[in-house]
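Those letters in the sequence shown? Residues 56 to 493, by this note's numbering.
Okay, structure first, notes after.
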Amino acid sequence: MKKEKGLHEIYADHPSDADELVWGRKVDRVSRRGFVKGSGLAAMTAVLGASIPFAKFMPGGLIPAALAQSDEAFSIPGKSGLTLLNDRPINAETPAHLLDDPVTPASRLFVRNNGVPPSTRDIDPLEWQITIEGEACERPKVMTLGEIQQRFKHHTLQLQIECGGNGRSEFNPPAKGNQWTTGAIGCPEWTGVRLRDILDECGVADNAVYVAYAAADTHLSGDPTKQAISRGVPVHKALEDESMIVWAMNGEPLPELHGFPVRMLCSGWPASVSGKWLTRILIRDRVHDGAKMTGQSYRVPCKPVPPGTAVADEDMCVIESMPVKSLITFPKSGIEVGAGQQLALRGHAWAGDSRVKAMYTSIDFGATWQKAKLKKPTNRLAWQHWSASTGFPEAGYYEIWARAVDDAGRSQPMVLPGWNPRGYLNNACHRIAVRVNA
Ligand SMILES: Nc1nc2c(c(=O)[nH]1)N[C@H]1C(S)=C(S)[C@@H](COP(=O)(O)O)O[C@H]1N2
Ligand SMILES: [Mo]
Numbered sequence: 056m057k058k059e060k061g062l063h064e065i066y067a068d069h070p071s072d073a074d075e076l077v078w079g080r081k082v083d084r085v086s087r088r089g090f091v092k093g094s095g096l097a098a099m100t101a102v103l104g105a106s107i108p109f110a111k112f113m114p115g116g117l118i119p120a121a122l123a124q125s126d127e128a129f130s131i132p133g134k135s136g137l138t139l140l141n142d143r144p145i146n147a148e149t150p151a152h153l154l155d156d157p158v159t160p161a162s163r164l165f166v167r168n169n170g171v172p173p174s175t176r177d178i179d180p181l182e183w184q185i186t187i188e189g190e191a192c193e194r195p196k197v198m199t200l201g202e203i204q205q206r207f208k209h210h211t212l213q214l215q216i217e218c219g220g221n222g223r224s225e226f227n228p229p230a231k232g233n234q235w236t237t238g239a240i241g242c243p244e245w246t247g248v249r250l251r252d253i254l255d256e257c258g259v260a261d262n263a264v265y266v267a268y269a270a271a272d273t274h275l276s277g278d279p280t281k282q283a284i285s286r287g288v289p290v291h292k293a294l295e296d297e298s299m300i301v302w303a304m305n306g307e308p309l310p311e312l313h314g315f316p317v318r319m320l321c322s323g324w325p326a327s328v329s330g331k332w333l334t335r336i337l338i339r340d341r342v343h344d345g346a347k348m349t350g351q352s353y354r355v356p357c358k359p360v361p362p363g364t365a366v367a368d369e370d371m372c373v374i375e376s377m378p379v380k381s382l383i384t385f386p387k388s389g390i391e392v393g394a395g396q397q398l399a400l401r402g403h404a405w406a407g408d409s410r411v412k413a414m415y416t417s418i419d420f421g422a423t424w425q426k427a428k429l430k431k432p433t434n435r436l437a438w439q440h441w442s443a444s445t446g447f448p449e450a451g452y453y454e455i456w457a458r459a460v461d462d463a464g465r466s467q468p469m470v471l472p473g474w475n476p477r478g479y480l481n482n483a484c485h486r487i488a489v490r491v492n493a
C-alpha cells in the first residue's frame with residue numbers, strides 16, 4: 056500500500072467514494088463526516104499495523120499521514136534530500152523533517168523555476184547591471200551590483216519565502232501546477248540593501264502604484280519576446296524595511312539556482328514576487344502587468360467559490376500577504392516510540408506580513424489542543440520556532456497535528472481552506488504519523 060502510487064489521486068478523483076474505495080467504509084455525502092468505524096477501521100488498522108486509539112475523532116476522507124507522505128528523494132547539485140516535482144524547469148521541495156534548522160541552509164531550500172535560468176556561473180557579480188525605470192520613476196538609472204553594494208547600507212535579515220502554491224497537492228478538484236506538499240518554504244538569512252534606498256535614489260513619483268522586477272531567465276518556449284515571470288508588489292510593500300535586493304544567503308553568494316548574483320526579496324507574500332537573476336526594477340503607474348501577474352496566476356477568487364467553479368479573470372484578485380502556517384520539523388513522520396515515553400516536538404510557524412501569536416498541538420485529530428512554546432521572530436518576517444512535548448495514553452497509531460494562530464486571531468484550518476482554481480494558499484494544519492509501541 057505504501058509504495059502504491061495514486062492514493063492522493065483516488066481521493067482526488069472520488070472524494071466521497073475514497074473512504075469506501077480505500078477502506079471499505081461509508082461516508083455521509085452531505086456532512087462529509089464519516090468517523091472511522093467497523094470494517095473501514097479494521098482495514099485502516101491492518102494497513103497501519105497498529106490500533107488507532109483516537110479513531111472516534113478521525114474525520115472521514117482523511118488519508119493517514121503515515122501513508123500520505125512519501126519519502127522519494129533525488130539529487131541536484133548543492134541539494135540533499137529534496138523531492139523533485141519537475142525537472143524542466145527544476146522544481147523541488149524539502150521534506151518537513153529536513154527543514155528542522157532554525158535558519159534554512161542553501162542545501163535545504165526549495166527551488167521554484169518558471170523558465171530557463173540564465174547561466175551566471177562565470178559572470179563578474181560586481182559588473183551585473185540593474186536598470187531602474189518605469190512610468191513612475193523620476194530619475195531612471197543603470198547601476199551595477201558593485202555600485203549598489205558601495206552606495207547603500209547593508210542589512211542582514213532572516214526572511215521566510217514560501218511559494219504561493221505550497222500545499223497545492225491537497226486541493227480537490229486538483230489544481231494544475233507543481234504538486235507541492237508542504238516543502239515550498241524556507242527561512243534563510245539574506246544580506247543586501249533595502250529596495251527603498253534604491254527607489255529613493257531613483258525617485259518614486261506621486262503616481263507610482265507598483266514596484267516590479269524583470270529578470271534574466273528565459274521563457275520555456277524559447278521565444279525571446281516572452282518572459283518567464285515578471286511580478287511585483289504595491290509601492291507600500293516595496294518601501295517596507297524588510298523589502299530588499301539581496302546578493303548573499305547565509306553569508307555566501309546566492310547559489311545560481313536561487314538567483315545569483317542578485318534577487319529581489321519581499322518576504323511574507325507569495326515568493327513569486329521575489330525575482331531571481333534581477334535585471335530591472337520597474338516603478339509602475341499601474342498594477343504591474345508582467346508575466347504571471349495577470350489572468351489566473353497568483354490570484355484567487357475575490358469571493359469564495361464552490362470547489363470546481365470556473366472563475367472569470369476579472370473576478371480573480373492578486374494574492375498579497377500569505378496566511379498563517381506552521382510545520383512540524385521534528386520528529387520525522389512515521390517515528391516509533393515506546394509507550395510511556397514523552398516525545399519532544401518542534402517546528403516553525405509564520406504568518407505572512409503578520410506575526411504568529413500562539414501555537415498548538417493535538418494528538419487526537421484536533422479534538423483537544425495543547426499550547427506549545429513559541430519564540431519571537433529574530434526579526435520581522437522571520438519564521439518563529441516552537442516546541443512542545445507530548446505523551447500518549449496507550450499503544451497504537453497517532454497523528455500529531457500542529458496549528459498556528461496569528462496576531463489577528465486567524466487560525467490555520469484543520470481541513471483544506473477555500474478551494475481556488477490554481478490551488479494557492481493551502482494553510483491547513485501540518486500533521487505527522489507516530490506509532491506508539493507497547
Ligand atoms: N526570475 C525568476 N524569479 C523567480 C522565479 C522564476 O522562475 N524566475 N520563481 C518565483 C517563484 S514562483 C518562487 S516560489 C520563488 C522561489 O525561490 P527559490 O527558487 O529561491 O526557492 O522565486 C520566484 N522568483
Ligand atoms: Mo512560487
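Glycine included, C-beta positions come from ideal geometry on N, C-alpha and C.
Query, Result
"Check: residue 331 C-beta below 8 Å from any heavy atom of ligand 1", "yes"
"Whole runs of the beta strand (DSSP E) within the stretch 142-221, excluding any shorter than 3 residues", "145-148, 184-188, 196-199, 210-213"
"For residue 315, the three-state DSSP class (helix, strand or coil)", "coil"
"Cα-Cα separation between residue 279 and residue 273, rounded to whole angstroms", "7 Å"
"Residue-level contact to chain B via CB, residue 257, 9 Å cutoff", "No chain B is present in this structure, which holds just one protein chain."
"Same chain, Cβ closer than 7 Å to residue 434, neighbours up to 5 away in sequence not counted", "212, 213"
"Where the beta strand (DSSP E) through residue 440 begins and ends", "439-445"
"Beta carbon of residue 269 nearer than 9 Å to that of residue 335", "yes"
"The stretch 340-352 / the stretch 366-375 touching (three or more Cβ pairs under 8 Å)", "yes"
"Burial state of residue 298 (16 or more Cβ within 10 Å)", "buried"
"Beta strand (DSSP E) segments (min. 3 residues) lying fully within the stretch 342-404", "354-356, 371-373, 380-385, 390-393"
"Inter-stretch contact (C-beta, 8 Å, three-pair minimum) for the stretch 186-202 and the stretch 448-463", "no"
"Start and end residues, beta strand (DSSP E) containing residue 291", "Note, residue 291: premise wrong, no beta strand (DSSP E); alpha helix (DSSP H) at 290-293."
"Which listed residue (447, 223, 294, 443) has its alpha carbon closest to that of residue 490", "447"
"Ligand 1 heavy atom lying under 8 Å from the CB of residue 315", "no"
"Sufficient close CB pairs (3 or more, under 8 Å) joining the stretch 378-389 to the stretch 466-476", "yes"
"At least 3 beta-carbon pairs within less than 8 Å: the stretch 314-323 vs the stretch 290-305", "yes"
"Residue 158 vs residue 244 beta-carbon contact at 9 Å", "yes"
"Residue 256: first and last residue of the uninterrupted beta strand (DSSP E) it sits in", "First-last for residue 256: 250-257, but that is the alpha helix (DSSP H), not the beta strand (DSSP E)."
"Local Cβ density within 10 Å of residue 107, reported as buried at 16 or more and exposed below that", "buried"
"CA nearest to the CA of residue 452, picked from 121, 277, 98, 266", "121"
"Three-way DSSP call (helix, strand, coil) for residue 121 in this model", "helix"
"For residue 299, the residue or residues it bridges with in DSSP", "249, 320"
"Residue 218 beta carbon near ligand 1 (any heavy atom closer than 8 Å)", "yes"
"Assigned exposure category for residue 147 - 16 Cβ within 10 Å defines buried", "buried"
"Three-way DSSP call (helix, strand, coil) for residue 470 in this model", "coil"
"Reduced DSSP secondary structure (H/G/I, E/B, other) of residue 482", "coil"
"Cβ neighbours of residue 234 in the same chain (closer than 7 Å, five flanking residues each side left out)", "140, 223, 224"
"Nearest-angstrom Cα separation, counted from residue 425 out to residue 413", "11 Å"
"Cβ contact (3+ pairs, closer than 8 Å) linking the stretch 323-332 and the stretch 166-175", "yes"
"Cβ neighbour criterion (16 or more within 10 Å) applied to residue 262", "exposed"
"Alpha-carbon to alpha-carbon, residue 137 and residue 492", "30 Å"
"The beta strand (DSSP E) enclosing residue 338, as first and last residue numbers", "333-339"
"Contact check, residue 155 vs residue 401, beta carbons under 9 Å", "yes"
"DSSP state of residue 225 mapped onto helix, strand, coil", "helix"
"Proximity test, residue 214 beta-carbon vs ligand 1 heavy atom, cut-off 8 Å", "no"
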